[in-house]
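> The structure under discussion is supplied below as structure tokens; questions concerning it will follow.
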Amino acid sequence: LYGNGTASNSNKSRGLIKGTITSDGIIDDDFESELGGNEPTELHDTEDVDYQLMTKIAEYGIIECCGDDKFGRKTIVFSACRLPNQELIKNSEFKTVIKFRECLFKYFLQAFDQYVDMDYVLIYFHYGLRSYNRPSYGWLMKSYLKIDRKYKKNLKALYVVHPTKWVKFLWPVLRSLIRYSEAAEKSEPNSTLNI
Numbered sequence: 058l059y060g061n062g063t064a065s066n067s068n069k070s071r072g073l074i075k076g077t078i079t080s081d082g083i084i085d086d087d088f089e090s091e092l093g094g095n096e097p098t099e100l101h102d103t104e105d106v107d108y109q110l111m112t113k114i115a116e117y118g119i120i121e122c123c124g125d126d127k128f129g130r131k132t133i134v135f136s137a138c139r140l141p142n143q144e145l146i147k148n149s150e151f152k153t154v155i156k157f158r159e160c161l162f163k164y165f166l167q168a169f170d171q172y173v174d175m176d177y178v179l180i181y182f183h184y185g186l187r188s189y190n191r192p193s194y195g196w197l198m199k200s201y202l203k204i205d206r207k208y209k210k211n212l213k214a215l216y217v218v219h220p221t222k223w224v225k226f227l228w229p230v231l232r233s234l235i236r237y238s239e240a241a242e243k244s245e246p247n248s249t250l251n252i
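Adding 57 to a residue's 1-based position in the sequence shown gives its number in my numbering.
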């Protein structure tokens, strides 16, 4: 700030002043950009027939990389509140909820391909998941079983924020299911762990 209460654009661009100054003299910060939020997830497979649809899914901001945690692990956020209403999906370029879910799963895998070779943390915000935007449990289970081990092995922490009573009730079952499927993968004779 200069003596007259104005901020120099050159100071702002050099990072001395973050945000804009309101008429009250308060700095209006953009915390999301300061924390590294909204880092776009790049799609690399432009040859995929669903590439245009996956770019539409990217616009929803369902999956975002929000920087690194204090241990240097990538932090990936999945926001359930950003899943669109199923009626909105039917009236969009996806045409059907099934097509949207197929593209969402492909987008999920492509987004995670960038981070699976290093340790990462997944933060799942459950708030905002309602009956009109919730994927079916069958689809979730089929999708989980389709996920290759490479996506699971470097996941160092999974945080569920704002879980409902139903999620809290099912959590022990889900944990044992996840452990069981990982143990089954390790016991397969073709597994790289047994070579």
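Idealized CB from N, CA, C, for every residue including glycine.
#1: Between the segment 204-219 and the segment 153-160, do three or more beta carbon pairs fall short of 8 Å?
#2: What does the alpha-carbon distance come out to for the pair Val217 and Glu121?
#3: What three-state label does DSSP hand Asp125 in the structure shown?
#4: Just tell me which of His219, Arg130 and Phe226 has its CA closest to the CA of Tyr184.
#5: Can you check DSSP and say which residues form a bridge with Ala115?
#6: Would you kindly check if the distance between the Cβ of Lys127 and the Cβ of Asp176 is under 9 Å?
#7: How would you call Ala168, buried or exposed, if buried means at least 16 neighbouring beta carbons within 10 angstroms?
#8: Do you know how far the Cα of Ala115 is from the Cα of Glu91?
#9: Tell me which residues share the same chain as Cys138 and place their Cβ nearer than 8 Å to its Cβ, disregarding the 5 neighbours each side in the sequence.
#10: Just to confirm, are Val134 and Gln143 a CB contact at a threshold of 9 Å?
#11: Look at Lys213 and Val178 and say whether their C-beta atoms are less than 9 Å apart.
#12: To the nearest angstrom, how far is the alpha carbon of Tyr189 from that of Lys147?
#13: Tell me which same chain residues have a C-beta within less than 7 Å of the C-beta of Pro192, skipping the five on either side of it?
#14: Within 10 angstroms of the Cβ of Leu202, are there 16 or more other Cβ atoms? Answer buried if so, exposed if not.
#15: DSSP has Ile180 in a bridge; who is on the other side?
#16: Secondary structure at Ile204, three-state DSSP: helix, strand or coil?
#17: Would you mind giving the Cβ-Cβ distance between Pro141 and Tyr117, rounded to the nearest angstrom? I have them listed as a contact below 8 Å.
Taking the coordinates as given:
#1: The segment 204-219, when compared against the segment 153-160, does not touch it at the 8 Å Cβ threshold.
#2: 15 Å
#3: strand
#4: His219
#5: DSSP lists no partner for Ala115.
#6: no
#7: buried
#8: Because the pLDDT of Glu91 is 48, which lies under 50, any placement of that residue in the model is unreliable, and the question is left without a value.
#9: Phe182, Tyr184, Gly185 and Leu186
#10: no
#11: yes
#12: 12 Å
#13: Arg158
#14: exposed
#15: Its beta-bridge partners are Val134 and Tyr216.
#16: coil
#17: 6 Å
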